[in-house]
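Each residue of the sequence shown is one higher than the last, beginning at 20 in our numbering. Ideal Cβ positions, reconstructed from N, Cα and C, are used throughout, including at glycine. The structure displayed is predicted, hence computed values, not measured ones.
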Amino acid sequence: MKSGNTVSAIHILDQATVNQIAAGEVVERPASVVKELVENAIDAGARSIRIDVTSSAKEILSIRIIDDGSGISSADALLAFTPHATSKITRIDDLHHIRTLGFRGEALASIAAVSRVTLNTRLRNAGEVTGTQVIVEGGVTREKGEAGVPEGTNVLVEDIFFNTPARKKFQKSKNTEIAHIHAILEGICLAHPEISFRLYVNQNEQLVTDRSPRILDTIARIYGSDVVKDLIPLNLSLPFMKISGYISRPSLARRDATRIMIAINQRYVSSPIIMRAVKEGYGTLLPKDRFPVAFLSLEIDTQLVDVNVHPTKKLVRLSREHEITEAISEAVMAVLLSQDLIPDVAAPSKLYLEGSCRESVTVPDQRYDFTAPAPPGICEALHPGTVMTDRQLRQTELQTGMVPLDAKLPVMEVIGQLGGIYILATTDTGELVLIDQHALHERILYEQVLERTEGDHRSQELIVPFILHRTLQETAILRDLLPALAQEGFVLEEFGRDTFLVRAIPVVLGKMEDTTMIDEMVSDLVSEEQIRSVNTRERITRIIACRGAIKAGTVCTREQCQRLIQQIRFAKNPFTCPHGRPTMLRFSRSDLDTMFRRT
Ligand code: ADP
Ligand code: MG
């Protein structure tokens, strides 16, 4: 059919095939009319499709779809309106090899049953002088005859739901309907960059895409070039699946998953499992309630894709689902980790609003004397009282088993420290980088704790066991966590009704002189126990990382800052802390020039 010139004849499916097809209503709302008719135009090999919607203040009045596709022969024009009449499949077996968007032969029949449809059509490249006009109203043929019409097909739908008052009443406002039409068309446009689409509402142009071999042009047309700037290409080829498209840098995150757009074999689908797989690929690059933007086009062996699940064909069932989703998550992760993901400040990351890091802030000790003059707040610090920081840093330097990765991190040199919280550094290309020292160290610790394999506890015994008192309720929670804690290097022993003895702690926490840290960690753990957003190991790991990391408010020497930056080079994901907040922000020279209006 898509070849364009050869048009298969329309025929009525046999009962056995009809019985196999997911039955149900396809025309739920005006937007469904747009979807079905545009899909027909695509199946007819159209290169350009125009959608005209008119409305009153209250409701949609008419929908017209004009295509330059194959057209319908005069002999078939009426048959197209018969239920189960289609040119796209013939027998049950064909259901396993569907490449067309339609195959049920029900859309035209269903639409014409609840409205008045005027179809004008003429076969493309058939040398026929005239075409055909058919008018069907409420399922009844009103007119059929010759008509002088251009090649292709023009379907006008009016008086939608005139004879089904219930459905008409359920329509939401006109604006809601138009929003639905937009959403459907966006998905279709992205699945078909090779077709030019134009949507007009009351003669006003609303959405236009040009024919292009590159989906990026379509994305830019629909969502603007700002979005494109933050996209990273993703291409993957496996024996049974090919993926191409784009995923967003974490800085483009959204509050919902609606902009993870998936097309399977050029059909825009709604696939929660694939959306989840994409999100999972971001791991800790995004907070759990933030979602990336992604435009992915999957080519999957048609045998593995069942589109005959739901009448609107928006849901699909996948065989080898697990392999498919795993491959997607891995591909997403691999692509992200090969990138320099330090957010540019020109695109401020207002997205990272939360993150459940319970870092406690040390008030900076202002008594240090600075040997070099520095602007207020910037500590060019060289003072002796940084033993604790040194020890914390040494801990993360000592851990072996991590290999430096080419994580696209620029080479950075420390300028100074701000307020005991941020490290200022410059890159070899003259950019300014602001680093959150706590978040950065937290990330380093987190990955080191995760790196360890089971049995490799690296627990250190405390010379004097530490006594921990808890409420009875907390005791109960903690008791359940003892095995998991032991896995991570915390050896706790029950010692009476509401008391525990802490005998050993993870090595990464260093020599612990101040046992309040252990107390705080256990508090974090039992209180987060009620949240249960991530698994226990992940939770314990995050807590160790958060509590073991250099705190905000700790004044560090330049050498210590430099060591910290050196350590992050070993991290797999240096760009966010385990809660998904950024570890660093970058100001390029041109960002600064723009801010100072030097350009
Ligand atoms: P289906 O798309 O499932 O086959 P429809 O009811 O949507 O069922 O359409 C019935 C038939 O009418 C199609 O199989 C196709 O042959 C023909 N048809 C519908 N719309 C068009 C179009 N725009 N251009 C060419 N043929 C069309
Ligand atoms: Mg159809």
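What residues in its chain sit with their C-beta under 8 Å from that of residue i, if we drop five residues either side in the sequence?
| i | result |
| --- | --- |
| residue 522 | 480, 481, 484, 510, 511 and 512 |
| residue 75 | 193 |
| residue 599 | 269, 303, 304, 305, 306, 307, 309, 371 and 374 |
| residue 163 | 96, 97, 151, 152, 153 and 154 |
| residue 280 | 205, 206, 209, 287, 313, 314 and 315 |
Looking only at its chain, what residues have a beta carbon closer than 6 Å to the beta carbon of residue i, apart from the 5 residues adjacent to it on each side?
| i | result |
| --- | --- |
| residue 362 | 270, 368, 601 and 604 |
| residue 493 | 545 |
| residue 104 | 29, 31, 98 and 124 |
| residue 227 | 217 |
| residue 403 | Per-residue confidence for residue 403 stands at a pLDDT of 40, beneath the threshold of 50, marking its modelled position as unreliable; no derived number is given. |
| residue 173 | 85 and 139 |
| residue 278 | 312 |
| residue 239 | 247 |
| residue 100 | 127, 128, 131 and 155 |
| residue 21 | Residue placement at residue 21 cannot be trusted, given a pLDDT of 45 that sits under 50; the coordinates are not used to answer. |
| residue 300 | 348, 351 and 352 |
Use the C-beta contact count for residue i: other C-beta atoms within 10 angstroms, 16 or more gives buried, fewer gives exposed.
| i | result |
| --- | --- |
| residue 232 | exposed |
| residue 123 | buried |
| residue 194 | exposed |
| residue 614 | exposed |
| residue 50 | buried |
| residue 245 | exposed |
| residue 221 | exposed |
| residue 252 | exposed |
| residue 27 | exposed |
| residue 35 | exposed |
| residue 543 | buried |
| residue 486 | exposed |
| residue 212 | buried |
| residue 358 | exposed |
What residue from the options has the CA that sits closest to residue i's CA?
| i | options | result |
| --- | --- | --- |
| residue 243 | 161, 205 and 344 | 205 |
| residue 146 | 134, 90 and 192 | 90 |
| residue 412 | 583, 304 and 336 | 583 |
| residue 267 | 360, 87, 73 and 165 | 360 |
| residue 72 | 524, 315, 57 and 607 | 57 |
| residue 608 | 451, 500, 528 and 295 | 451 |
| residue 440 | 573, 497 and 111 | 573 |
| residue 337 | 323, 85 and 350 | 323 |
| residue 178 | 496, 155 and 427 | 155 |
| residue 144 | 92, 176 and 111 | 92 |
| residue 539 | 331, 219, 259 and 559 | 559 |
| residue 82 | 565, 180 and 37 | 180 |
| residue 185 | 47, 170 and 616 | 47 |
| residue 44 | 37, 329, 314 and 449 | 329 |
| residue 39 | 284, 259 and 111 | 111 |
| residue 272 | 249, 236 and 257 | 249 |
| residue 197 | 214, 215 and 225 | 225 |
| residue 117 | 161, 276 and 326 | 326 |
Output needed for residue i: all residues of its chain with C-beta closer than 7 Å, excluding positions within five of it in sequence on either side, in chain order.
| i | result |
| --- | --- |
| residue 292 | 340 and 344 |
| residue 333 | 288 and 289 |
| residue 182 | 133 and 157 |
| residue 463 | 415, 586, 587 and 590 |
| residue 465 | 560, 561, 564 and 597 |
Decide if the stretch 429–437 is in contact with the stretch 573–589; the criterion is three or more beta carbon pairs, one per stretch, under 8 Å apart.
-> yes
Do the stretch 184–191 and the stretch 50–65 make contact, defined as three or more Cβ pairs closer than 8 Å?
-> no
Entirely enclosed alpha helix (DSSP H) segments - the stretch 166–226, minimum 4 residues = 184–189 and 193–210
For the stretch 238–289, list the beta strand (DSSP E) runs that are entirely contained and at least 3 residues long, ordered along the chain.
-> 250–257, 260–267, 279–283 and 286–288
Of all the beta strand (DSSP E) runs that stay within the bounds of the stretch 454–530, which reach a length of 3 or more residues?
-> 478–488, 510–513 and 518–525
Within the stretch 29–92, ranges of the alpha helix (DSSP H) (whole runs, at least 4 residues) = 34–39 and 49–62
Sequence ranges, beta strand (DSSP E) only - wholly within the stretch 559–605, length at least 3 | none
Segments of 3+ residues assigned as beta strand (DSSP E) that fall wholly inside the stretch 114–146 = 135–141
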